[in-house]
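Using the UniProt record's numbering, the letters of the sequence shown correspond one by one to residues 1 to 254. This report refers to the structure that appears directly beneath it.
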Amino acid sequence: MQNPIIVVGMGELGSVFARGFLKLGYPVQAVNRQQSMQDIAESIPNPVAVLIAVGEADIHQTLTDCPAQWQEKTILLQNELLPRDWEATNIKNPTVISVWFEKKKGMDSKVVLPSPVFGQHAKLVFDALATLDLPCVQLDSEEELLYELVRKNLYILTTNIAGLKVGGNVSELAENHADVMNSVAQDVLDIQDTLTQSKQPREPLIEGMLEAFEGDPQHGCMGRSAPARLKRALGFADKAKLDVPILREIQNTL
């Protein structure tokens with residue numbers, strides 16, 4: 001009998017990955033909000049891997065609370081994730097995937113781009129998604145992973161925050177509001193550079209964002225989380241004393 005894979009958070013994405021692991025022949029142990037990770041870790045101290053699939057709002061507390069037995073086996077998939085998020089906890093060398101498929105209730109998964117993954121469990125993730133016909137690409141380095149995480153953040157934050165100003169979908173944003181899109185993108189990248197303590201390559205990142213637009217041109221810009229994302233971005237900007245003029249202008253109009 002295979003050791004199980006733990007899935008913390010059985011929402012839409014957690015359920016997709018759980019199905020892939022089951023199709024590979026692994027038992028899956030779910031952990032929901034009412035359950036203690038520590039209690040389950042005492043009965044399953046040596047799982048194959050631990051997928052943490054909680055939402056962005058819960059990720060930091062979940063990483064902090066992750067039992068010691070599991071800390072070197074984690075797989076992370078949250079939006080707005082950067083190395084600083086796990087480096088602030090006891091999580092060591094997690095496997096990280098930038099998820100580029102969308103899964104909503106009652107809908108099949110919708111692929112925008114192949115999802116890049118890096119870390120010790122990259123092949124496990126790749127194989128699990130392959131059972132579901134979801135494309136995935138295994139990365140070769142932490143530098144590649146950082147680029148992909150920043151690209152995803154750029155896509156999410158630019159579309160959500162620009163959407164607060166102009167609405168519409170990503171195709172309309174690029175075609176009709178390129179000035180707003182580019183101004184927001186530059187402010188977002190100023191924040192990402194601060195959070196990663198690095199200078200990320202801007203032209204390739206913006207091209208990478210536009211490539212994602214082409215993968216799902218009708219994708220709406222402004223999700224439910226857009227106001228919270230803007231507020232969080234401005235919190236980072238204030239802490240780093242960044243100007244981010246378009247972000248402040250959009251906040252003032254809300």
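Using N, Cα and C, we set each Cβ at its ideal position, and we do this for glycine too.
| said: Considering only DSSP beta bridges, list what ALA30 is partnered with. | reply: The residue you call residue 30 lines up with position 30 of the sequence shown. The partner list for ALA30 (beta bridge, DSSP) reads VAL7.
| request: Within the same chain, show all residues whose beta-carbon is closer than 6 Å to that of ALA237, passing over the 5 residues directly before and after it, in chain order. | output: Translated into positions along the sequence shown, residue 237 becomes position 237. So the list reads ILE191 and VAL244, once near-sequence residues are dropped.
| Which parts of the segment 136-181 are runs of the beta strand (DSSP E), unbroken and 3 residues or longer, counting only runs that do not cross its ends? | 136-138
| query | For GLY9, which option in THR158, ILE52, CYS136 and VAL111 has the closest C-alpha, if you only look at C-alpha atoms? | reply | Numbered from its first residue, the sequence shown carries residue 9 at position 9. The shortest C-alpha separation from GLY9 is found at ILE52.
| If we ignore side chains and look at the alpha-carbon of each, how far apart do ALA240 and GLU249 end up? | Locating residue 240 in the sequence shown gives position 240, counting from the first residue. Locating residue 249 in the sequence shown gives position 249, counting from the first residue. Distance between the alpha carbons of ALA240 and GLU249: 18 Å.
| Who are the near neighbours of ARG202 in its chain, counting only those whose CB is closer than 7 Å to its CB and skipping five residues on each side? | The sequence position of residue 202 within the sequence shown is 202, counting from 1. Once the five neighbours on either side are set aside, the close Cβ partners of ARG202 are LEU189.
| request: Look up ILE52 in the DSSP assignment and give the residues it is bridged to. | output: To locate residue 52, count along the sequence shown from 1; it is residue 52. Answer is VAL8 and LEU76.
| query | Helix, strand or coil: which one does DSSP assign to LYS123? | reply | For the purposes of this step, residue 123 is identified with residue 123 of the sequence shown, where counting begins at 1. Here LYS123 sits in helix by DSSP.
| query | Taking THR131 as the reference, which of PHE21, LEU81 and CYS221 has the closest Cα? | reply | By one-based count along the sequence shown, residue 131 stands at place 131. Answer by Cα proximity: PHE21.
| CA-CA distance, PRO135 and PHE126? | As a first step, residue 135 must be located in the sequence shown, where it is residue number 135. As a first step, residue 126 must be located in the sequence shown, where it is residue number 126. Taking the straight line from one Cα to the other gives about 8 Å.
| task | Leaving aside the five residues before and after GLY14 along the sequence, list all residues of the same chain whose C-beta is less than 6 Å from its C-beta, in chain order. | result | In the sequence shown, the residue the question calls residue 14 occupies position 14. Excluding sequence neighbours, GLY14 sits near VAL7 and ALA53.
| At which residues does the beta strand (DSSP E) containing SER115 begin and terminate? | Counting from 1 along the sequence shown, the entry for residue 115 is found at position 115. Where SER115 is concerned, the enclosing beta strand (DSSP E) stretches over 115-118.
| query | Thinking C-alpha only, which one of THR64, LEU63, THR74 and ASP65 is nearest ILE5? | reply | By 1-based counting over the sequence shown, the position of residue 5 is 5. Ranking THR64, LEU63, THR74 and ASP65 by Cα distance to ILE5 puts THR74 first.
| Span separating the alpha-carbon of MET107 from that of ASP39 | Here residue 107 corresponds to residue number 107 of the sequence shown, with the count starting at 1. Here residue 39 corresponds to residue number 39 of the sequence shown, with the count starting at 1. The straight-line gap from Cα to Cα measures roughly 34 Å.
| field | Residue(s) in a DSSP beta bridge with LYS110 | value | On the sequence shown, position 110 is the one that residue 110 refers to. DSSP output for LYS110 lists GLU102 as bridge partner(s).
| Between ASN32 and the rest of its own chain, which residues show a CB-CB distance below 7 Å, the 5 nearest in sequence each way excluded? | By one-based count along the sequence shown, residue 32 stands at place 32. So the list reads MET10, once near-sequence residues are dropped.
| said: As a quick exercise: from ARG84, GLY25, MET1 and VAL166, pick the residue whose alpha carbon is nearest that of ILE59. | reply: As a first step, residue 59 must be located in the sequence shown, where it is residue number 59. Ranking ARG84, GLY25, MET1 and VAL166 by Cα distance to ILE59 puts ARG84 first.
| task | Taking 8 Å as the cut-off, decide whether the C-beta atoms of LEU77 and ILE97 are in contact. | result | Against the sequence shown, residue 77 aligns to sequence position 77. Against the sequence shown, residue 97 aligns to sequence position 97. Closer than 8 Å, so yes.
| Would you call GLY119 buried or exposed, if buried means 16 or more other Cβ atoms sit within 10 Å of its Cβ? | Looking up residue 119 in the sequence shown gives position 119. Counting Cβ neighbours within 10 Å, GLY119 comes out buried, since at least 16 surround it.
| message | Could you check whether ILE156 and GLU207 sit closer than 8 Å to each other, using their CB atoms as the reference points? | response | Indexing the sequence shown from 1 puts residue 207 at position 207. Indexing the sequence shown from 1 puts residue 156 at position 156. No.
| request: Report buried or exposed for ASP140, applying the criterion of at least 16 other Cβ atoms within 10 angstroms of its Cβ. | output: Position 140 of the sequence shown, counted from the start, is the residue given in the question as residue 140. Per the 10 Å Cβ criterion, exposed.
| query | Which residues share a DSSP beta bridge with ILE97? | reply | Translated into the one-based positions of the sequence shown, residue 97 becomes position 97. Beta-bridge pairing links ILE97 to VAL117.
| field | Local Cβ density within 10 Å of ASN176, reported as buried at 16 or more and exposed below that | value | The residue given as residue 176 occupies position 176 in the sequence shown. By the 10 Å Cβ count, ASN176 comes out exposed.
| Among GLY55, GLY235 and VAL48, nearest to GLN69 - alpha-carbon criterion | If you number the sequence shown from 1, residue 69 lands on position 69. Comparing Cα positions, the closest option is VAL48.
| task | Using the Cα positions of VAL16 and LEU173, report the straight-line distance between them to the nearest angstrom. | result | In the sequence shown, counting from the first residue as 1, residue 16 sits at position 16. In the sequence shown, counting from the first residue as 1, residue 173 sits at position 173. So the alpha carbons of these two residues sit roughly 30 Å apart.
| field | SER109 to ILE91 span [Cα, whole Å] | value | Here residue 109 corresponds to residue number 109 of the sequence shown, with the count starting at 1. Here residue 91 corresponds to residue number 91 of the sequence shown, with the count starting at 1. Roughly 29 Å separates the two Cα atoms.
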